Amino acid sequence: MRIKEKKYILADGREITIKSAGPEDAPKVKLHREATAAETHFMAREPEDGQLSLEKITEILGSIAESDRDFMVSAYIGDELIGDLGVTLIRPHIKYLHRAYLGMSIRQEYTGMGLGSFMMQIALGQAKANGFEQVELGVYSDNDRARHMYKKMGFKEYGMNPRAFKLKDGTYRDEIIMSNIFE
Numbered sequence: 015m016r017i018k019e020k021k022y023i024l025a026d027g028r029e030i031t032i033k034s035a036g037p038e039d040a041p042k043v044k045l046h047r048e049a050t051a052a053e054t055h056f057m058a059r060e061p062e063d064g065q066l067s068l069e070k071i072t073e074i075l076g077s078i079a080e081s082d083r084d085f086m087v088s089a090y091i092g093d094e095l096i097g098d099l100g101v102t103l104i105r106p107h108i109k110y111l112h113r114a115y116l117g118m119s120i121r122q123e124y125t126g127m128g129l130g131s132f133m134m135q136i137a138l139g140q141a142k143a144n145g146f147e148q149v150e151l152g153v154y155s156d157n158d159r160a161r162h163m164y165k166k167m168g169f170k171e172y173g174m175n176p177r178a179f180k181l182k183d184g185t186y187r188d189e190i191i192m193s194n195i196f197e
């Protein structure tokens, strides 16, 4: 499904358009995900993991756009994609239909400006409207800024996957498992 378009104004006055990325945006999503993977170790991918498949991204975005419940919350300055958030059903089985998984990335130069919180408010409201009862995510244990924002948005830490990520320098990071249960 596609969310209703909204605007967000940065402190410096720049206008950001919040809307759903669709299959037509696959090249922008590809560039965004490759860029964010190179900016920080907090993403699941490393640049060395290889190029993302444009065909696969197009297919996924098309499937999300046609879904009754899955959706994207994407942030654009002009034509440039600077933030990407997806909410998807965990599994299509009866016992899982109340649960969604959330993944998010924002270009580093746009973090710390309230954009993530704005995108998260939209996502949580839409998830609830789509019938999800809880939204789950995983976050690097050393990503203090993201963990703080998620807690501010109502997520609670309920578990940890030790040594979930092995970085290129040989060190490990735990994954903190968080959930926002709608009451």
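Residues in the sequence shown are numbered consecutively from 15, following this note's numbering. For every residue, glycine included, the Cβ atom is placed at its ideal position computed from N, Cα and C. Just so it is clear, the structure is predicted and the values come from calculations on it, not from any experiment.
Between the CA atoms of residue j and residue i - distance to the nearest angstrom
| i | j | result |
| --- | --- | --- |
| P106 | L116 | 16 Å |
| Q122 | M192 | 22 Å |
| K7 | I71 | Outside the modelled stretch of the chain, which goes from 15 to 197, sits residue 7, for which no answer is possible. |
| Q135 | M167 | 7 Å |
| K33 | F196 | 23 Å |
| F169 | L111 | 19 Å |
| P37 | L103 | 19 Å |
Beta-carbon proximity check, residue i vs residue j, cutoff 7 Å
| i | j | result |
| --- | --- | --- |
| F56 | N157 | yes |
| I17 | A89 | no |
N- and C-terminal bounds of the alpha helix (DSSP H) containing residue i
| i | result |
| --- | --- |
| T50 | A40 to E53 |
| M163 | D158 to K166 |
| T185 | Unbroken run through T185: none, as it is neither H nor E. |
Residues near residue i in its chain [Cβ-Cβ closer than 7 Å; skip 5 each side]
| i | result |
| --- | --- |
| A137 | V87, L99, V101 and L116 |
| Y124 | I96 and G97 |
Residues of its chain near residue i, where Cβ-Cβ distance is below 6 Å and the 5 sequence neighbours each way are ignored
| i | result |
| --- | --- |
| V43 | A35 and I71 |
| F132 | Y22 |
Sequence-distant residues of the same chain with beta carbon closer than 8 Å to residue i, five excluded per side
| i | result |
| --- | --- |
| E19 | T31, I32 and K33 |
Check: Given 8 Å as the limit, is there contact between the region 171-188 and the region 139-147, that is, 3 or more CB pairs closer than that?
Finding: No contact exists between the region 171-188 and the region 139-147.
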